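The opening residue of the sequence shown carries number 16 in the numbering used here; numbering runs sequentially from there.
Beta carbons: idealized from backbone N, C-alpha and C, even for Gly.
Just so you know, these numbers come straight off a predicted model, no measurement behind them.
First up is the structure itself, then whatever we jot down about it.
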Amino acid sequence: EELVTPPPISDIADQNAAKWDAIISHRFITYVLLVCVVGFLLLKLFLREGYRVCRLYPWMTRLGYISAASVLTDVGVGRHEGETRREYANRAEALLHTDLHGIVSLHEKLSYSRGFQPDTKEITFALDNFAKTLNKSQKPLRRFLAFLNPQSVTRWGKW
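Below is the structure:
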């Protein structure tokens, strides 16, 4: 009987390295990075514009508030722990001269009163007013860089 000798350890290591080289190629890394970037941009787009596609008024109000809060977070004015929405709106107004009070009052009415159904026009007016006041206080380059800021994504749910 002949004894089969096991292959040398270096051959096994070379085979494993070749397998990993085949799996992790430049093309694979490029695709993974592309999927991550596109996913990030879609998530930011949802955070900023999700209220526009929602037709349920309570969710439209909530998503509108999240949209405004994510913009402020990316600009550098995030909501502090323990801070009420009203205090957050006051602080944002003091720092950036933005009018967050309209969407905050709609969100508070929705949260604390029964049967309140905000109108699409009210929500749109409040968010347009917020956007106009923010656009006056922030330069276009800063707004663009704020869109690329991942801080609002990492603060998900802390609005």
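Nearest neighbour of residue i, chosen from the options [CA to CA]
i	options	result
arginine 157	Thr135, Ile118 and Thr88	Thr88
threonine 169	Phe43, Phe55 and Arg101	Phe55
leucine 121	Ala109, Lys59 and Ala141	Ala141
lysine 154	Leu111, Ser128, Arg129 and Arg42	Leu111
Neighbourhood of residue i by C-beta distance below 8 Å, restricted to the same chain and skipping five residues each side
i	result
tyrosine 72	Gln132, Pro133, Asp134, Thr135 and Ile138
proline 165	Phe55
glutamate 175	Beyond the ends of the chain as shown, which are 16 and 174, falls residue 175; an answer cannot be given.
threonine 113	Leu87, Ala107, Phe145, Thr148, Leu149 and Ser152
Inter-residue Cα distance where the pair is residue i and residue j
i	j	result
arginine 100	valine 119	6 Å
serine 40	alanine 32	12 Å
arginine 67	leucine 149	19 Å
isoleucine 81	arginine 94	11 Å
glutamine 30	leucine 163	41 Å
aspartate 36	valine 52	24 Å
leucine 78	glycine 65	6 Å
serine 128	valine 92	28 Å
valine 47	valine 19	43 Å
serine 152	phenylalanine 159	14 Å
lysine 34	leucine 49	23 Å
threonine 45	alanine 109	44 Å
Chain B contact for residue i (CB, 8 Å cutoff)
i	result
threonine 45	Absent from the structure: chain B. Only one protein chain is present.
Cut-off 7 Å between Cβ atoms - residues of its own chain near residue i, not counting five sequence neighbours on either side
i	result
isoleucine 38	none
tyrosine 103	Arg94
leucine 58	Val168
glutamate 96	none
Beta-carbon spacing of residue i, residue j below 8 Å
i	j	result
alanine 83	leucine 125	no
alanine 161	valine 90	yes
valine 86	arginine 106	no
asparagine 220	glycine 117	Residue coverage of the chain in this structure runs from 16 to 174, which leaves residue 220 outside it and unanswerable.
Own chain partners of residue i with C-beta closer than 6 Å, once the 5 adjacent residues on each side are dropped
i	result
cysteine 69	Met75 and Leu78
phenylalanine 61	none
tryptophan 174	Ile81 and Ala84
(message) In chain order, what are the residue ranges of uninterrupted beta strand (DSSP E) at least 3 long that sit wholly in the region 95-150?
(response) none
(message) Runs of 4 residues minimum, wholly inside the region 26-69: which ones carry the alpha helix (DSSP H) assignment?
(response) 41-68
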